[in-house]
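Visitor: Can you read through this structure? Questions will come right after.
Protein chains: 2
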Amino acid sequence: MKNFTFANPVKIIFGKGTIKEIAKEIPAEQRIMILYGGGSIKKNGVYDQVTKALEHHVWFEFSGIEANPHYETCREAVAAIRGHQVDFLLAVGGGSVIDAVKFIAAAARYEGDPWDFLTGKSRINRAMPFGTVLTLPATGSEMNKGFVISKAEIQEKLAANSPLTYPKFSILDPETTYTLPERQTANGIIDTFVHVTEQYLTFNNHALLQDYFAEAILKVLVEEGPRVFDHPADYNIRANLMWASTWGLNDWIGQGVTTDWATHMIGHELTAFFGIDHGQSLAIVLPGVMNVMRKEKEEKILQMGKNIFHLEKGTTDQRIDQTIASVENFFKSLGVKTKLSDYSVNEAGIQKVVNRFKERDWALGEHENITYGVVAEILGERK
Amino acid sequence: MKNFTFANPVKIIFGKGTIKEIAKEIPAEQRIMILYGGGSIKKNGVYDQVTKALEHHVWFEFSGIEANPHYETCREAVAAIRGHQVDFLLAVGGGSVIDAVKFIAAAARYEGDPWDFLTGKSRINRAMPFGTVLTLPATGSEMNKGFVISKAEIQEKLAANSPLTYPKFSILDPETTYTLPERQTANGIIDTFVHVTEQYLTFNNHALLQDYFAEAILKVLVEEGPRVFDHPADYNIRANLMWASTWGLNDWIGQGVTTDWATHMIGHELTAFFGIDHGQSLAIVLPGVMNVMRKEKEEKILQMGKNIFHLEKGTTDQRIDQTIASVENFFKSLGVKTKLSDYSVNEAGIQKVVNRFKERDWALGEHENITYGVVAEILGERK
Numbered sequence: 001m002k003n004f005t006f007a008n009p010v011k012i013i014f015g016k017g018t019i020k021e022i023a024k025e026i027p028a029e030q031r032i033m034i035l036y037g038g039g040s041i042k043k044n045g046v047y048d049q050v051t052k053a054l055e056h057h058v059w060f061e062f063s064g065i066e067a068n069p070h071y072e073t074c075r076e077a078v079a080a081i082r083g084h085q086v087d088f089l090l091a092v093g094g095g096s097v098i099d100a101v102k103f104i105a106a107a108a109r110y111e112g113d114p115w116d117f118l119t120g121k122s123r124i125n126r127a128m129p130f131g132t133v134l135t136l137p138a139t140g141s142e143m144n145k146g147f148v149i150s151k152a153e154i155q156e157k158l159a160a161n162s163p164l165t166y167p168k169f170s171i172l173d174p175e176t177t178y179t180l181p182e183r184q185t186a187n188g189i190i191d192t193f194v195h196v197t198e199q200y201l202t203f204n205n206h207a208l209l210q211d212y213f214a215e216a217i218l219k220v221l222v223e224e225g226p227r228v229f230d231h232p233a234d235y236n237i238r239a240n241l242m243w244a245s246t247w248g249l250n251d252w253i254g255q256g257v258t259t260d261w262a263t264h265m266i267g268h269e270l271t272a273f274f275g276i277d278h279g280q281s282l283a284i285v286l287p288g289v290m291n292v293m294r295k296e297k298e299e300k301i302l303q304m305g306k307n308i309f310h311l312e313k314g315t316t317d318q319r320i321d322q323t324i325a326s327v328e329n330f331f332k333s334l335g336v337k338t339k340l341s342d343y344s345v346n347e348a349g350i351q352k353v354v355n356r357f358k359e360r361d362w363a364l365g366e367h368e369n370i371t372y373g374v375v376a377e378i379l380g381e382r383k
Numbered sequence: 384m385k386n387f388t389f390a391n392p393v394k395i396i397f398g399k400g401t402i403k404e405i406a407k408e409i410p411a412e413q414r415i416m417i418l419y420g421g422g423s424i425k426k427n428g429v430y431d432q433v434t435k436a437l438e439h440h441v442w443f444e445f446s447g448i449e450a451n452p453h454y455e456t457c458r459e460a461v462a463a464i465r466g467h468q469v470d471f472l473l474a475v476g477g478g479s480v481i482d483a484v485k486f487i488a489a490a491a492r493y494e495g496d497p498w499d500f501l502t503g504k505s506r507i508n509r510a511m512p513f514g515t516v517l518t519l520p521a522t523g524s525e526m527n528k529g530f531v532i533s534k535a536e537i538q539e540k541l542a543a544n545s546p547l548t549y550p551k552f553s554i555l556d557p558e559t560t561y562t563l564p565e566r567q568t569a570n571g572i573i574d575t576f577v578h579v580t581e582q583y584l585t586f587n588n589h590a591l592l593q594d595y596f597a598e599a600i601l602k603v604l605v606e607e608g609p610r611v612f613d614h615p616a617d618y619n620i621r622a623n624l625m626w627a628s629t630w631g632l633n634d635w636i637g638q639g640v641t642t643d644w645a646t647h648m649i650g651h652e653l654t655a656f657f658g659i660d661h662g663q664s665l666a667i668v669l670p671g672v673m674n675v676m677r678k679e680k681e682e683k684i685l686q687m688g689k690n691i692f693h694l695e696k697g698t699t700d701q702r703i704d705q706t707i708a709s710v711e712n713f714f715k716s717l718g719v720k721t722k723l724s725d726y727s728v729n730e731a732g733i734q735k736v737v738n739r740f741k742e743r744d745w746a747l748g749e750h751e752n753i754t755y756g757v758v759a760e761i762l763g764e765r766k
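As given, the protein sequences belong to chains A and B, one line each in that order. Residue numbers are given in this note's numbering: position 251 of the first sequence equals residue 251, and the series is strictly consecutive. Every number in this note's numbering is 383 more than the matching position in the second sequence, counting from 1.
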């Protein structure tokens, strides 16, 4: 096991009817900005619950935060926050809204161009306090300090984090997820699945507890994921998926082990160039990574095959192939396709992505050996 | 899954050579009291590492905190802390020392009799900040807010907790555990095992992730526990056991589920009356609880039998018996006995314990149906 230093201070308020708790979590005299996305929270009753809970607070609202939140939109939010002299931010939505609010919380207390936080030119030294009401389990953003922001004009999607961008609290009410579109539910399950594999599917770190915790999350997804579509309002299925999703990326299972993140980094580019949903992009990239990196990841792929998919027969290569097929079949059971050709991206499109990795001279993965040439293999047609 | 609200803010500093990090974690101007037990830290080099790390701080020391720390000893520590105008406490040891320091941290900022915190007469409203250097994995105290204190004169052992008694940081260096006596290593593994079963072995709460996390911890103990005695200086075994122990009682796996704690409550009395080690007491009580409460716990005992001990054959009662036998055999594989008669406690002794539960009119367990009569059955000879 590797050395690590870690604390995760986020207060989780989990369960039915918990949105009303926000009133107690935000001091009465603080001026609040509620930030949300395209308005689904007005249809599913969450907006009403939030505004009812805050009836004795002073609050404003900012809507229109898009999926893969744009730098440009976040700058508008910062202007509104400054204009209204807001003290506390409340993100209501999924990972995109929460990620945006983390960035906004830091940007609102920064004099320079906050894109500097994404490029690494500047560190976050101050940030506004914020809480979240999660409505789409997927990114784990509700219990971590990371965020991903896109700059539309240059088709860039970059990540940053700071100890100052942890939510003060996060409300997780599984009932808010009953009416999610199937596509978003599926994307969220895949995002969680791949968060876990990025921290688990590397090599043997002799970190048994982390391995078994990772497998615990994967088992919940594999068991409950395919069931949710026939039972969208089953509280326990939704609760198990929501809680598993938070643990996929609250950074505990990644402590003491080597992590990968190549699938996410490549997936981000598919989203930036072709507008493929984040979850969909991961379902394309992960099988490719497992296939191309089969030697490096051999021991862990076999462990995953055995402990998650009960695969114990055949040669090493056969079991690896079966495990990759099991992962693809799991994604397909959620209604999500697993090939780039399914999204009409042709050879020229792949070349654009590969060129970007070439320009950046990135070497990804737990061994830092996934360079642009390997990315081309990963994105190429699988036999 | 049940609703819950929870945060665990403890900063974990895990790994080889991490004791030196305490210098960075405690502000330079703060006056420190180092508190420890019987002096084993002077033999294994931990004392030297701690005092070397604090060479630029002002520090004092208080030693002699015993197993099942005494109220009386803690009062002496409070007097020393006040005398030296100390700002920060550093617990160096196992759960007894850490529990004592939690109590001392609160007692030092309280004008009344701090036993009030244990009896529930008074709440903790202030406490000194403290950190820990863990040298004996067992209680999880390094990452929770609870503590158990004994009052020798009345043979009482009571528990309390407060959000103010979380450590600011905990150092977990597995190398400090290489020289632990086998008995303490074994007791720690059993304590962890039972912490997990208290939160898992109840009834079906439809909380899949919590179940699988609990099973993850149990699997680590069952796999690594018996190996440690032949490999006392194997870093990965010690690291896995140490980290599993912290997760056994950092309170995350108990969120959203009904918990039991009867085994601990009964075990505490065996320690209070007969001086049986805490871990040993649990190894006696848990099989009895599983046997007597087999109907109430049926579904979870069968799940545990299947997922931890691979027991899938036979009638329900046979599988329950096999699971109990597997737990007993696991304890015995650690060199720990599982019957009260092994400790020369006779019928009159059992009656003393039963009478205490009768006096207190306690009803323990997840169904609150373990009254004194059931305690008598649990402590009685098993066929």
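We treat Cβ as the ideally placed atom computed from N, Cα and C, and that holds for glycine.
Which of the three DSSP states, helix, strand or coil, is assigned to methionine 416(B)?
Guide: Three-state DSSP puts methionine 416(B) in a strand.
Visitor: On the premise that leucine 334(A) lies in contact with isoleucine 189(A), defined as a C-beta separation below 8 Å, what is that separation, rounded to the nearest angstrom?
Guide: Between leucine 334(A) and isoleucine 189(A) the Cβ distance is about 6 Å, and since that is below 8 Å, they are a contact.
Visitor: Does DSSP put tryptophan 442(B) in a helix, in a strand, or in coil?
Guide: Looking at tryptophan 442(B) - three-state DSSP - the assignment turns out to be strand.
Visitor: Give me the DSSP bridge partner(s) of phenylalanine 387(B).
Guide: Note: phenylalanine 387(B) sits in a beta bridge opposite Phe14(A).
Visitor: Out of curiosity, what's the CA-to-CA distance linking glutamate 461(A) and valine 86(A)?
Guide: Residue 461(A) is absent from the model: chain A starts at 1 and stops at 383.
Visitor: Can you give the Cα-Cα distance for valine 58(A) and valine 133(A), rounded to whole angstroms?
Guide: Taking the straight line joining both Cα atoms gives about 18 Å.
Visitor: Are aspartate 643(B) and glycine 748(B) touching if we call contact CB-CB under 8 Å?
Guide: Taking 8 Å as the Cβ cut-off, aspartate 643(B) and glycine 748(B) qualify as a contacting pair.
Visitor: Serine 384(A): which of Thr73(A), Gly120(A) and Leu54(A) sits nearest, CA to CA?
Guide: This structure leaves residue 384(A) out entirely; chain A is present only between 1 and 383.
Visitor: Going along the chain, which residues of the region 671–698 of chain B sit with their C-beta nearer than 8 Å to a C-beta in chain A?
Guide: So the list is empty, because no residue satisfies the distance condition.
Visitor: Give the residues of chain B in contact with threonine 5(A), contact being defined as C-beta atoms less than 9 Å apart.
Guide: Chain B residues near threonine 5(A): Lys394, Ile395, Ile396, Phe397, Gly398, Thr401, Glu404 and Phe552.
Visitor: At a CB-CB cut-off below 7 Å, which residues of chain B make contact with histidine 206(A)?
Guide: Correct list: Asn619.
Visitor: State the CB to CB distance for the pair proline 9(A) and tyrosine 166(A), rounded to an integer number of angstroms; the pair is presumed to be in contact (CB under 8 Å).
Guide: Indeed, because the Cβ distance is near 6 Å, the residues count as touching under 8 Å.
Visitor: Taking the alpha helix (DSSP H) that asparagine 712(B) falls in, what are its first and last residues?
Guide: Taken as a continuous stretch (DSSP letters only), the alpha helix (DSSP H) holding asparagine 712(B) covers 699–716.
Visitor: Short of 7 Å Cβ to Cβ, which residues in the region 546–577 of chain B face chain A?
Guide: Those would be none; no residue qualifies.
Visitor: Is there a C-beta anywhere in chain A that falls below 8 Å from the one on tyrosine 595(B)?
Guide: By this cut-off, tyrosine 595(B) is an interface position.
Visitor: Pull up the distance between the alpha-carbon of methionine 625(B) and that of proline 129(A), whole angstroms please.
Guide: So the two alpha carbons sit approximately 34 Å from each other.
Visitor: Could you pull out every residue in the same chain whose Cβ sits closer than 6 Å to the Cβ of glutamate 328(A), ignoring the five residues on either side in sequence?
Guide: For glutamate 328(A), where only same-chain residues beyond five positions count, the Cβ hits under 6 Å are Pro287 and Thr338.
Visitor: Any beta carbon from chain A within less than 8 Å of methionine 384(B)'s own beta carbon?
Guide: Closer than 8 Å to some Cβ of chain A, the Cβ of methionine 384(B) qualifies, so yes.
Visitor: Listed in chain order, which residues of the region 519–550 of chain B have Cβ atoms closer than 9 Å to some Cβ of chain A?
Guide: Cβ contacts with chain A: none found.
Visitor: Valine 396(A) and valine 353(A): beta carbons closer than 8 Å?
Guide: Outside the modelled stretch of chain A, which goes from 1 to 383, sits residue 396(A), for which no answer is possible.
Visitor: Note down, in chain order, every chain A residue with its Cβ under 9 Å from the Cβ of glycine 639(B).
Guide: Going along chain A in sequence order, the residues near glycine 639(B) (Cβ under 9 Å) are Phe14, Gly15, Ala239 and Trp243.
Visitor: Ordered along the chain, which non-local residues of its own chain (more than five positions away) have a Cβ less than 7 Å from that of tyrosine 36(A)?
Guide: The answer, listed in chain order, is Ser63, Ile65, Val92, Gly93 and Val97.
Visitor: So, at 8 Å on beta carbons, what are the nonlocal neighbours of threonine 18(A) in its own chain, with the 5 sequence-adjacent residues on each side left out?
Guide: Contacts found: Ile171, Leu172 and Asp173.
Visitor: List the residues of chain A that tryptophan 630(B) touches, going by C-beta distances under 7 Å, in chain order.
Guide: Result: Leu209.
Visitor: Measuring only the C-alpha atoms, how far is alanine 207(A) from alanine 627(B)?
Guide: Each residue's Cα considered, the two are about 10 Å apart.
Visitor: Within the 8 Å Cβ cut-off, does valine 429(B) reach chain A?
Guide: No, valine 429(B) does not count as interfacial toward chain A.
Visitor: What does the Cβ neighbour count give for proline 546(B), buried or exposed, with the cut at 16 atoms within 10 Å?
Guide: Result: exposed.
Visitor: Could you tell me whether any Cβ in chain B is nearer than 8 Å to the Cβ of valine 220(A)?
Guide: Yes - at least one Cβ of chain B is within 8 Å of the one on valine 220(A).
Visitor: At 8 Å on the CB atoms, spell out the chain B contacts of glycine 233(A), in chain order.
Guide: Per the sequence shown, residue 233(A) should be read as alanine rather than glycine. In chain order: nothing, as chain B lies at least about 15 Å away.
Visitor: If you reduce the DSSP assignment to three classes, tell me which class lysine 295(A) lands in.
Guide: Coil, per DSSP.
Visitor: Helix, strand or coil: how does DSSP classify proline 174(A) here?
Guide: In this structure, proline 174(A) counts as helix in the three-state DSSP scheme.
Visitor: Just to confirm the assignment, what range does the alpha helix (DSSP H) spanning alanine 77(A) have?
Guide: Taken as a continuous stretch (DSSP letters only), the alpha helix (DSSP H) holding alanine 77(A) covers 71–83.
Visitor: For a contact defined as C-beta to C-beta under 8 Å, what are the partners of glutamate 61(A) on chain B?
Guide: What glutamate 61(A) touches in chain B: nothing, since even the nearest Cβ is about 26 Å away.
Visitor: Per DSSP, alanine 488(B) forms a beta bridge with which residues?
Guide: Partner(s): none; alanine 488(B) has no beta bridge.
Visitor: Relative to the C-alpha of glycine 529(B), which residue among Ala535(B), Asn544(B) and Glu536(B) is closest?
Guide: Here the closest residue by C-alpha is Asn544(B).
Visitor: How should asparagine 633(B) be labelled, buried or exposed, when 16 other C-beta atoms within 10 angstroms of its C-beta is the threshold for buried?
Guide: Classification for asparagine 633(B): buried.
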